[in-house]
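Novice:
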Amino acid sequence: MTIEQGLLAWLEANTPLDAFWLESPAGKNRTIVYRNISPSMMSGNLSSPGLRRDLISITVYNDEVETGKAIAEKLMSDLHDFHGDLSGFFVQLIEFQSGFDQKLNKEPGMPVYQFNRDFLITY
């Protein structure tokens, strides 16, 4: 199992929205999209510890601002300082890094809000 598969399974089990890797399907205003912003490996002093440390962005899209914000805040609360089994994928530690909220102008009269949360995941 990969980090992407574990994260997809966890998001779908722990949020009310469908989750997707890289982009949301056309026409869906209520989804979660995740992407790997910065894949990396941890350095060791004289040898590699065999751990990876990726910066992964999780974005909640919702046409109801309060609902979307609440889901994003719950993600932050549930995932920050998480360690252990992430739906079948073992992680050493997940740390909240940053985020932003914004209104998207997809179609006139149909607001969609974006709530982005970035996490550093060591595995």
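Numbered according to my numbering, the sequence shown spans residues 3 to 125. Think of the CB as a built atom: it goes at the ideal place given N, C-alpha and C, for glycine as much as any other residue. Small disclaimer: the values here were computed from a predicted structure and weren't measured.
(1) Applying the criterion that 16 or more other CB atoms from any shown protein chain within 10 Å of the CB defines a buried residue, is Thr61 buried or exposed?
(2) Along the chain, which unbroken stretches of the beta strand (DSSP E) at least 3 residues long are found entirely within the segment 17-68?
(3) Determine the contact status of Met3 and Asp65, defining contact as a CB-CB distance below 8 Å.
(4) Over what stretch of residues does the beta strand (DSSP E) that includes Thr4 continue unbroken?
(5) Taking the straight line between their C-alpha atoms, what separation do you get for Ala72 and Phe91?
Specialist: Result, derived from the coordinates:
(1) buried
(2) 20-23, 33-40, 55-64
(3) no
(4) Careful: Thr4 lies outside any beta strand (DSSP E) and carries neither H nor E.
(5) 26 Å
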